[in-house]
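> Could you have a look at this structure, given as structure tokens, before my questions?
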Amino acid sequence: MINIFSYNSINKHKGTLKRINEKYGSLKNCSNSELTEQTQILKIKLKQANFETDTILVEAFATVKEAIFRALGMTLFDVQILGGIILNNANIAEMKTGEGKTLAALLPAYLHCLKEEGVHVVTVNDYLAKRDANLAQTVFSYVNIKVGLITQNTSSSKRKKEYSSDITYITNSELGFDYLKDNMAVHKDDIIQRKFYYAIIDEVDSILIDEARTPLVISGITEVKGQLYAEAKDLSLLLKNTIHYKIDEKYKSIILTETGITFCEKILSINNLYDTNSPWIRYIINGLKAKELFLQNKDYIIKNDKVIIVDEFTGRIMEGRRWSDGLHQSIEAKESLKIEAENKTLASITYQNLFLLYNRIAGMTGTAKTEENEFMNIYNMNVINIPTNKKCIRRDLSDLVYKDEQNKWKAIAKECLDMYTIGRPTLIGTTSISKSELLSKMLTEINVPHNLLNAKPENVSKEAEIILQAGKKNSITISTNMAGRGTDIILGGNPEKVVSLIVQNYAYNNSVKLIDEDNLEKILNTDEIRFLRYVNKLNFSENEKNLNLKKINSKLLKNYEKLFQKERKEILELGGLYVIGTERHESRRIDNQLRGRSGRQGDKGRSRFFLSLQDNLFRIFGGNNIENLIKRLNINDTTPIESLMLTKSLNSAQQKVEAYFYDIRKQLYEYDEVINNQRKAIYNERKKILKSNFTKDCILEYAEYTIEEMLKIYAKTHREDRILKKITKLLNIKSDIKNFSGMQINEMKYYLHEQLRISYDLKEIYLEQLRPGLIRQLEKYYLLQQIDQAWQEHIEKMNLLKEYIGWRSYGQQDPLIEYKNEAFHLFINMITYIRQTVIYLIMRSRLIIDI
Numbered sequence: 035m036i037n038i039f040s041y042n043s044i045n046k047h048k049g050t051l052k053r054i055n056e057k058y059g060s061l062k063n064c065s066n067s068e069l070t071e072q073t074q075i076l077k078i079k080l081k082q083a084n085f086e087t088d089t090i091l092v093e094a095f096a097t098v099k100e101a102i103f104r105a106l107g108m109t110l111f112d113v114q115i116l117g118g119i120i121l122n123n124a125n126i127a128e129m130k131t132g133e134g135k136t137l138a139a140l141l142p143a144y145l146h147c148l149k150e151e152g153v154h155v156v157t158v159n160d161y162l163a164k165r166d167a168n169l170a171q172t173v174f175s176y177v178n179i180k181v182g183l184i185t186q187n188t189s190s191s192k193r194k195k196e197y198s199s200d201i202t203y204i205t206n207s208e209l210g211f212d213y214l215k216d217n218m219a220v221h222k223d224d225i226i227q228r229k230f231y232y233a234i235i236d237e238v239d240s241i242l243i244d245e246a247r248t249p250l251v252i253s254g255i256t257e258v259k260g261q262l263y264a265e266a267k268d269l270s271l272l273l274k275n276t277i278h279y280k281i282d283e284k285y286k287s288i289i290l291t292e293t294g295i296t297f298c299e300k301i302l303s304i305n306n307l308y309d310t311n312s313p314w315i316r317y318i319i320n321g322l323k324a325k326e327l328f329l330q331n332k333d334y335i336i337k338n339d340k341v342i343i344v345d346e347f348t349g350r351i352m353e354g355r356r357w358s359d360g361l362h363q364s365i366e367a368k369e370s371l372k373i374e375a376e377n378k379t380l381a382s383i384t385y386q387n388l389f390l391l392y393n394r395i396a397g398m399t400g401t402a403k404t405e406e407n408e409f410m411n412i413y414n415m416n417v418i419n420i421p422t423n424k425k426c427i428r429r430d431l432s433d434l435v436y437k438d439e440q441n442k443w444k445a446i447a448k449e450c451l452d453m454y455t456i457g458r459p460t461l462i463g464t465t466s467i468s469k470s471e472l473l474s475k476m477l478t479e480i481n482v483p484h485n486l487l488n489a490k491p492e493n494v495s496k497e498a499e500i501i502l503q504a505g506k507k508n509s510i511t512i513s514t515n516m517a518g519r520g521t522d523i524i525l526g527g528n529p530e531k532v533v534s535l536i537v538q539n540y541a542y543n544n545s546v547k548l549i550d551e552d553n554l555e556k557i558l559n560t561d562e563i564r565f566l567r568y569v570n571k572l573n574f575s576e577n578e579k580n581l582n583l584k585k586i587n588s589k590l591l592k593n594y595e596k597l598f599q600k601e602r603k604e605i606l607e608l609g610g611l612y613v614i615g616t617e618r619h620e621s622r623r624i625d626n627q628l629r630g631r632s633g634r635q636g637d638k639g640r641s642r643f644f645l646s647l648q649d650n651l652f653r654i655f656g657g658n659n660i661e662n663l664i665k666r667l668n669i670n671d672t673t674p675i676e677s678l679m680l681t682k683s684l685n686s687a688q689q690k691v692e693a694y695f696y697d698i699r700k701q702l703y704e705y706d707e708v709i710n711n712q713r714k715a716i717y718n719e720r721k722k723i724l725k726s727n728f729t730k731d732c733i734l735e736y737a738e739y740t741i742e743e744m745l746k747i748y749a750k751t752h753r754e755d756r757i758l759k760k761i762t763k764l765l766n767i768k769s770d771i772k773n774f775s776g777m778q779i780n781e782m783k784y785y786l787h788e789q790l791r792i793s794y795d796l797k798e799i800y801l802e803q804l805r806p807g808l809i810r811q812l813e814k815y816y817l818l819q820q821i822d823q824a825w826q827e828h829i830e831k832m833n834l835l836k837e838y839i840g841w842r843s844y845g846q847q848d849p850l851i852e853y854k855n856e857a858f859h860l861f862i863n864m865i866t867y868i869r870q871t872v873i874y875l876i877m878r879s880r881l882i883i884d885i
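And the structure:
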């Protein structure tokens, strides 16, 4: 359903849609070279219009629509063009699964890349970035636009080139880390990113909402404190829940009771567990969190003797990512693995402030309406619901709630058996690896063939194949979360993807066992089967090989299209894809993402959630009302409950969780906004120094600031000689303090500035004699070294400040205001320290060059 705001926004673009389609019609007759020339023509028009992109929107969108038709043989729907218009207006286009968001994004990406300032299309993982970049390159090759791609495997030497492309596809984490690395560069040639201009964020709710709880951090290694973690683990095993500590599952926190504190102090033989000189409290709390709140095969897996985080929203493993503040080490201790060194924060930024660096951002997703207030308040983006190309006729059935979890899983297994028996494809969404494996075991016991997709490496490797099979008859697919999977489930099967997978597997991966071998033997002759199976072992020229592959590809595609179309009709008669949810998620968006896998492009479909009163959402957030209702109804264990009150209670519980996490993100944003302004100042100073060829002015400016600051102190301390001695020592000025007697403050300032310049000129002459240009190198080195070192120490102080500032609320003080005040003083102290240290090092350097 479209709200009034969305309806009005969509209605006003009808005229624009009409003009785009008219222009598209006129481009049909132009040659490929004429279509390519459109890019240069539009660039000239844009320049003449003072770079106002809206003046060429109609022509640009029509050009891309024609390029898409020539490259892919597809004609954009009006709703896709509408999505492109919404993205161009720096808003969020909410487009349902299967409606073609990827192609819609090409329209504004092309329009804005004509300004030659670079466009970023940001995705949630490497697979999507690579897939979408390849698609974009195919389309944009018709209009002479260069597409770049950056994944975690892109080398440092290649990244600068990829960022210089007209349009760059990149993951959110790589974008953020590259930004931080650029602001740690020691030479201007090491900077790889251009100024941020325009970004289109795919799965915008996942990136700007879900991942925005945790800041991006670049860390340096510190010493390993394995013994402390091991002892804390042993101690945590002795502590008992409710007696020694209390768990707050809502807030994922643990608090020691008085009994627990006393017990720990006795075991550790210390007087005060909370003494600032005692390290223990942090290790004990992390040990308890590892024991109670972070579970193997739910929050993490063990792979190659390493703890690998599982993304709670997508079910994917997050290679190379580690929990901070010692939590990861505590989990390593819990699992008796090698404890890696702790990390020290060298640079960090939140996703909120990273994306607010752009002049303009836009986003697209299938599910954003539930968070539209947050998008508006933080990012100033409206969420516009784009109507589907064909009416969605999926039926979302009411939830079935069982008293206990065991009966819920039995009911789900029985439902899967029923669906398998009639041949209806079914997708079951689970919230953890362990739950997916539990259901898999139950289905195996009742002889129901199925596919399992979760974060375990043996399943991840088959992801594309599993999702391709998920829309076929008799297919039962279990998946831990479906967000960000990037592949639509197509009823009957996806002929293009299946053929591509077959050819890829045999022609390039030396596979021997053929996928769908029974069908292949019906479609291909014996020689073609043999060719596929042994293509890399037979003596074919490259030309013969390509001709054979092209012939086989065409033959397979024709037959699979016919085969899958027939199967699709049979599945639609059965009611389409059936989606089963096994637990409500903390966010309604994740539930909607799962439901949205069914009913694609006007297909029939059905969804239903099977729940139990032991599910986390009921147990933690449901309250006593639900339990009381169940007791009153007096229903037996195997009978499910369908109740409007239960559904309302669930929705209310989810809204509470969403509100809680919004508060966390809002607080993170408000606190990071303080350090963000400081970060901008520091990073701007670094860039100025990096790009400067004459850093002497910067050094003298630092020195003059230092003189003025110290003279203010001198005036306040009733002209104490020790201040003057400190100034002359810092500036390495050979001047007796008696020379200052009788001088006014302004006269002192003038005299010291003069002496500074004389002293610095002498230093410059001395170093230039040793090696020409040495003084400039030394200036830049000391400036960057001291800025980086001081900034890293400042981040550490700010993190500590954030930790303890919350206690100020008990003294009727606003923690945020207190944080801002103290952060300001810390920043001023850091700036003063940088200036003084740089001046001291430069003025007192005595280098001897070996010849």
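Per this note's numbering, the very first residue in the sequence shown carries number 35; after that it's consecutive. Note that CB positions come from ideal geometry on N, CA and C, so glycine has one too.
#1: Taking only runs of the alpha helix (DSSP H) that begin and end inside the stretch 181 to 269, which ones reach a length of at least 4 residues, in chain order?
#2: Can you tell me whether DSSP reads residue 517 as helix, strand or coil?
#3: Where does residue 612 sit, in a helix, a strand or coil, going by DSSP?
#4: Which same chain residues end up closer than 7 Å to residue 164 when comparing Cβ atoms and leaving out the 5 residues on each side of it in sequence?
#5: Would residue 245 be called buried (16 or more neighbouring beta carbons within 10 Å of its own) or exposed?
#6: How would you label residue 93, buried or exposed, when you count the other beta carbons within 10 angstroms and need 16 or more for buried?
#7: My guess is that residue 111 and residue 423 are in contact by the Cβ rule of under 8 Å, so how many angstroms apart are they, rounded?
#8: Alpha carbon to alpha carbon, how far is residue 641 from residue 615?
#9: Answer with buried or exposed for residue 135, where buried requires no fewer than 16 other C-beta atoms within 10 angstroms of its C-beta.
#10: With respect to the beta strand (DSSP E) encompassing residue 398, which residues constitute its N-terminal and C-terminal limits?
#11: State the DSSP-derived secondary structure class of residue 278, mapped to helix, strand or coil.
#12: Quick one: grab the DSSP three-state call for residue 643.
#13: Of all the options 265, 411, 138, which has the alpha carbon lying nearest to the alpha carbon of residue 169?
#14: Per the DSSP calculation, residue 352 is bridged to which residue(s)?
#15: If you measure between the beta carbons of residue 626 and residue 400, is that distance less than 9 Å?
#16: What first and last residue would you give for the alpha helix (DSSP H) that runs through residue 708?
#17: Give me the DSSP bridge partner(s) of residue 272.
#18: Please classify residue 790 as buried or exposed, where buried requires at least 16 other C-beta atoms within 10 Å of its C-beta.
#19: Just checking, does the stretch 63 to 73 make contact with the stretch 88 to 105 on the three C-beta pairs under 8 Å criterion?
#20: Return the CA-CA distance between residue 590 and residue 538, expressed in angstroms with no decimal places.
#21: Give the DSSP-derived three-state secondary structure of residue 801 in the structure shown.
#22: For the alpha helix (DSSP H) containing residue 287, name the first residue and the last one.
#23: Residue 62: buried (16+ other C-beta within 10 angstroms of its C-beta) or exposed?
#24: Are three or more beta carbon pairs between the stretch 700 to 711 and the stretch 462 to 478 nearer than 8 Å?
#25: Is the separation between the beta-carbon of residue 396 and that of residue 127 shorter than 9 Å?
#26: What three-state label does DSSP hand residue 309 in the structure shown?
#27: Please report how far the alpha carbon of residue 609 lies from the alpha carbon of residue 209, in whole angstroms.
#28: Could you check how far apart the C-beta atoms of residue 618 and residue 678 are, in whole angstroms? I think they sit under 8 Å.
#29: Classify residue 768 as buried or exposed, calling it buried when 16 or more other Cβ atoms lie within 10 Å of its own Cβ.
#30: Could you check the C-alpha separation between residue 55 and residue 207 for me, to the nearest Å?
#31: My output table needs one value for residue 636: the three-state DSSP class, helix, strand or coil.
#32: DSSP state of residue 876, grouped into three classes?
#33: Taking residue 116 as part of the alpha helix (DSSP H), name the residues at either end of that continuous run.
#34: Considering only residues of the same chain and omitting the five flanking positions on each side of residue 222, which have a CB-CB separation below 7 Å?
#35: Measure the Cβ-Cβ separation of residue 764 and residue 740 and say whether it is below 9 Å.
#36: Determine the contact status of residue 307 and residue 290, defining contact as a CB-CB distance below 9 Å.
Concretely, from the data shown:
#1: 190 to 197, 206 to 216
#2: Residue confidence is low: residue 517 scores 47 on pLDDT, short of 50, so the model does not pin down where it sits. Its coordinate-derived value is still stated next. DSSP places residue 517 in coil when its eight states are reduced to three.
#3: strand
#4: 183, 185
#5: Residue 245 sits buried, since 16 or more C-beta atoms from the chains shown fall within 10 Å of its C-beta.
#6: buried
#7: 5 Å
#8: 8 Å
#9: So residue 135 ends up on the buried side.
#10: That run of the beta strand (DSSP E) goes 394 to 399.
#11: coil
#12: Here residue 643 sits in strand by DSSP.
#13: 138
#14: 343
#15: yes
#16: 678 to 725
#17: According to DSSP, which records beta bridges pairwise, residue 272 is partnered with nothing at all.
#18: buried
#19: yes
#20: 13 Å
#21: helix
#22: Careful: residue 287 lies outside any alpha helix (DSSP H), inside the beta strand (DSSP E) at 287 to 290.
#23: exposed
#24: no
#25: With respect to the 9 Å criterion, residue 396 and residue 127 are classified as neighbours on the basis of their beta carbons.
#26: coil
#27: Whole-angstrom Cα-Cα distance: 43 Å.
#28: No, residue 618 and residue 678 are not in contact; Cβ-Cβ is about 16 Å, not under 8 Å.
#29: exposed
#30: 37 Å
#31: helix
#32: helix
#33: 112 to 122
#34: 724, 725
#35: yes
#36: At the C-beta level, residue 307 and residue 290 come within 9 Å of one another.
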